[in-house]
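Visitor: Please read through the structure below; I'll follow up with questions.
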Amino acid sequence: MVEPKTAALFYEMLRSFTVLAKELNLSRTVSRLNSTRQTVRRHIRALEEYRGTELFSVNDRQYALTDAGRDALEGALDIVALSDAWMKNQSGQVRGLDQLRSEKTNGHYYHLQQQPISRIWDGGPALLRDCFNAWVASEGRIEAPEFQAVRAAVVVFRRLGEEWICVEVGAESSYSSWFGRDWALSSIGLKSADLPGGHGFGRLLVAPFEEVKRTEGVRLDHIVSELPREKGGAAVPISYQRLLLGCRFPDQSRGLVSVVVRTYDLCIDGLPREEIERMPSDLLMDIR
1 MVEPKTAALF
11 YEMLRSFTVL
21 AKELNLSRTV
31 SRLNSTRQTV
41 RRHIRALEEY
51 RGTELFSVND
61 RQYALTDAGR
71 DALEGALDIV
81 ALSDAWMKNQ
91 SGQVRGLDQL
101 RSEKTNGHYY
111 HLQQQPISRI
121 WDGGPALLRD
131 CFNAWVASEG
141 RIEAPEFQAV
151 RAAVVVFRRL
161 GEEWICVEVG
171 AESSYSSWFG
181 RDWALSSIGL
191 KSADLPGGHG
201 FGRLLVAPFE
211 EVKRTEGVRL
221 DHIVSELPRE
231 KGGAAVPISY
241 QRLLLGCRFP
251 DQSRGLVSVV
261 VRTYDLCIDG
271 LPREEIERMP
281 SDLLMDIR
């Protein structure tokens, strides 16, 4: 059995696997990695021997992921993204929950800290409690009558292939009041891959979506970032709590509901209070 000898080699093996899984073409993979055919083949062979299963089938030089390869891909992508972010000091954990950070020097200002779900009831915004209670009463069914009272305040996403697609933007949602209704409606159909921050960090930005998809549960995050309020406009500081809820469409396919409340009531370890309160106070949402 061929085993990875160092962490660096293991990382390079995963890079070969994830890029080849994306390209399904050895020449393009070699070009993207600035590597050689022999190296990529050796990395894939080593991973297959190490895992005890084939990751790719090859027919007339055309690569295709096997079932085992597809099952392994998401975990490999997460490891590569986390490794990239960790080496840049962009990711970590606080009390066992996720923390992400990217400063302006890295091209995108973003701070996220996952929170215990109990904070929904611990003096948090009433809208988050209302949406959570509606989600429970509706058993996660997006079209259930119990969910309609809060539906105008949410944004709905659906998984299409490897992407999360925005399929509905509530007229009373934070998204609509931040960007304006016209721009918000124009975002329907937007892919998660279009999120800013680069390929690796971009994947970490949608990692909470993937977590909720896997668990069909809920997740609460506190986030400080910067976003324009109009196309081509300057970035404006934004501070908000975000509740993600796993949902089901009438055909039983899975989706995700995002509820955002702009607020200064955030807890992000290591981030000064003045950074949280850079968002103009007139952008705070009614949290009765």
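Position 166 (the sequence shown) corresponds to 166 in my numbering; numbering is contiguous.
Cβ atoms here follow ideal geometry from the backbone N, Cα and C, with glycine treated the same way.
If we call anything under 7 Å between Cβ atoms a contact, is Ser155 one with Ser225?
Guide: What you label residue 155 is simply residue 155 of the sequence shown in a count that begins at 1. What you label residue 225 is simply residue 225 of the sequence shown in a count that begins at 1. Checking the sequence shown, residue 155 turns out to be Val, not Ser. Cβ distance not < 7 Å, so Val155 and Ser225 don't count as in contact.
Visitor: In angstroms with no decimal places, state the Cα-to-Cα distance between Leu97 and Arg32.
Guide: Translated into the one-based positions of the sequence shown, residue 97 becomes position 97. Translated into the one-based positions of the sequence shown, residue 32 becomes position 32. C-alpha separation (whole angstroms): 33 Å.
Visitor: Please classify Asp269: does DSSP put it in a helix, a strand, or coil?
Guide: Residue mapping note: residue 269 aligns to position 269 of the sequence shown, counting from 1. In the structure shown, Asp269 sits in coil (DSSP, three-state: anything other than H, G, I, E or B).
Visitor: Expressed to the nearest angstrom, what Euclidean distance is found between the alpha-carbon atoms of Gln113 and Ile223?
Guide: By one-based count along the sequence shown, residue 113 stands at place 113. By one-based count along the sequence shown, residue 223 stands at place 223. Answer to the nearest angstrom: the Cα atoms are 7 Å apart.
Visitor: Got a sec, what are the start and stop residues for the alpha helix (DSSP H) Asn133 sits in?
Guide: To locate residue 133, count along the sequence shown from 1; it is residue 133. Looking at the DSSP string, the run of the alpha helix (DSSP H) that includes Asn133 is 126-137.
Visitor: Could you round the C-beta distance between Ser176 and Tyr240 to whole angstroms and report it? I think they count as a contact, below 8 Å.
Guide: Within the sequence shown, residue 176 is the residue found at index 176, counting from 1. Within the sequence shown, residue 240 is the residue found at index 240, counting from 1. That belief does not hold up - the Cβ atoms of Ser176 and Tyr240 are roughly 14 Å apart, past 8 Å.
Visitor: Under a three-way DSSP split, which group does Gly246 fall into?
Guide: As a working note, residue 246 is residue 246 in the sequence shown. If DSSP states are grouped into helix, strand and coil, Gly246 belongs with the strands.
Visitor: From Phe132 to Tyr109, what distance separates their C-alpha atoms?
Guide: The residue labelled residue 132 in the question sits at position 132 within the sequence shown. The residue labelled residue 109 in the question sits at position 109 within the sequence shown. Cα to Cα, Phe132 sits roughly 29 Å from Tyr109.
Visitor: Considering only the alpha carbon of each residue, which of Leu271, Val19, Leu190 lies closest to Ser102?
Guide: Residue numbering aside, residue 102 sits at position 102 when the sequence shown is read from its first letter. Of the listed residues, the one whose Cα sits closest to Ser102 is Leu271.
Visitor: Is it buried or exposed for Ser16, if we count other Cβ within 10 angstroms and need 16 for buried?
Guide: For the purposes of this step, residue 16 is identified with residue 16 of the sequence shown, where counting begins at 1. Under this definition Ser16 is a buried residue.
Visitor: Classify Ile188 as helix, strand or coil using the three-state DSSP reduction.
Guide: Along the sequence shown, read from residue 1 onward, the residue named residue 188 stands at position 188. In this structure, Ile188 counts as coil in the three-state DSSP scheme.
Visitor: Could you tell me whether the Cβ atoms of Leu245 and Phe157 are closer together than 7 Å?
Guide: Start at 1 with the first residue of the sequence shown, and residue 245 comes out as number 245. Start at 1 with the first residue of the sequence shown, and residue 157 comes out as number 157. Taking 7 Å as the Cβ cut-off, Leu245 and Phe157 do not qualify as a contacting pair.
Visitor: According to DSSP, is Pro228 helix, strand or coil?
Guide: Residue mapping note: residue 228 aligns to position 228 of the sequence shown, counting from 1. Strand.
Visitor: Just the Cα atoms here: how many angstroms apart are Arg37 and Arg278?
Guide: Along the sequence shown, one-based indexing puts residue 37 at 37. Along the sequence shown, one-based indexing puts residue 278 at 278. Straight across, the Cα-Cα distance linking Arg37 with Arg278 is about 50 Å.
Visitor: Are Ala149 and Val169 touching if we call contact CB-CB under 7 Å?
Guide: Here residue 149 refers to the residue found at position 149 of the sequence shown. Here residue 169 refers to the residue found at position 169 of the sequence shown. It is not a contact, given that the beta carbons lie outside the stated cut-off.
Visitor: Alpha carbon to alpha carbon, what distance is there between Leu14 and Ala292?
Guide: Lying outside 1 to 288, the shown extent of the chain, residue 292 is not represented and no answer is given.
Visitor: Rounded to whole angstroms, what is the Cα-Cα separation between Ala153 and Val30?
Guide: The residue you call residue 153 lines up with position 153 of the sequence shown. The residue you call residue 30 lines up with position 30 of the sequence shown. Approximately 46 Å, taken between the alpha carbons.
Visitor: Can you list, in chain order, the residues of its chain whose CB lies under 8 Å from that of Val80, leaving out five sequence neighbours each side?
Guide: Reading the sequence shown from its first residue, position 80 is the one you call residue 80. Only Tyr11, Leu14, Arg15, Thr18, Gly200 meet the Cβ criterion.
Visitor: Quick one: what does DSSP say Ile117 is sitting in, helix, strand or coil?
Guide: By one-based count along the sequence shown, residue 117 stands at place 117. Reduced to three states, the DSSP call for Ile117 is helix.
Visitor: Find the nearest neighbour of Arg219 within the set Pro208, Trp164, Thr263, judged by alpha-carbon distance.
Guide: On the sequence shown, position 219 is the one that residue 219 refers to. Considering only alpha carbons, the answer is Pro208.
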